[in-house]
Amino acid sequence: MSVLISFKVPGDVDVFTTSLVDRADEFREFGQAAQAAGALHHQFAVGPDHVMVVDEWDTIEHFQAFFGDPKLQAFIGEIGGDSSAPPDFTIGTCVDSPDRF
1 MSVLISFKVP GDVDVFTTSL VDRADEFREF GQAAQAAGAL HHQFAVGPDH VMVVDEWDTI
61 EHFQAFFGDP KLQAFIGEIG GDSSAPPDFT IGTCVDSPDR F
């Protein structure tokens with residue numbers, strides 16, 4: 001079964017939202033690399049002082065290997081992430097339910 005991973009990255013939301021346009025090609029490259037590494041779904045949301053990420057991956061190990069890449073960590077810092085505060089992770093194994101869509 002796949003895993004759902006959600007986490008909040010504290011940081012500068014204005015820098016992040018600007019980077020979605022200014023650095024769109026880099027986001028696409030990381031997205032393609034994530035899919036090749038085992039990511040099934042990916043979505044961002046923003047709060048007043050954080051970016052929220054919701055992902056589905058084939059395994060937690062594949063996510064951990066991808067997320068631990070120093071290039072990705074540097075990119076997160078460049079796009080507004082605060083490296084002094086680690087993300088707050090929530091991880092669970094996907095289950096089927098009658099109301100799933």
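Anchor point for the sequence shown: position 84 equals 84 in the UniProt record's numbering, and the numbering is continuous, going up by one each time.
Quick reminder that beta carbons are idealized off the backbone N, C-alpha and C, glycines included.
Close Cβ partners of residue i (< 6 Å) along its chain, the five nearest in sequence each way excluded
i   : result
A37 : H62 and F66
P93 : It is worth fixing the name first, because residue 93 is Thr in this sequence and not Pro. Here the set comprises M1 and V3.
Minimum C-alpha distance to residue i - residue among the options
i   : options         : result
H50 : V9, I60 and T17 : V9
Integer Cβ distance of residue i from residue j, believed to fall under 8 Å
i   : j    : result
D58 : I5   : Incorrect: roughly 11 Å between the Cβ atoms, too far for contact.
F7  : F101 : The Cβ separation is near 23 Å, so there is no contact.
L72 : F30  : 6 Å
For residue i, three-class secondary structure by DSSP
i   : result
P70 : helix
I76 : helix
T18 : helix
F44 : strand
8 Å CB neighbourhood of residue i in its chain, flanking five on each side removed
i   : result
G80 : G11, D12, V13, D14, V15, F16, S19 and V51
Beta-carbon proximity list for residue i, same chain, < 7 Å, skipping 5 on both sides
i           : result
residue 103 : There is no way to answer for residue 103, as the model of the chain reaches only from 1 to 101.
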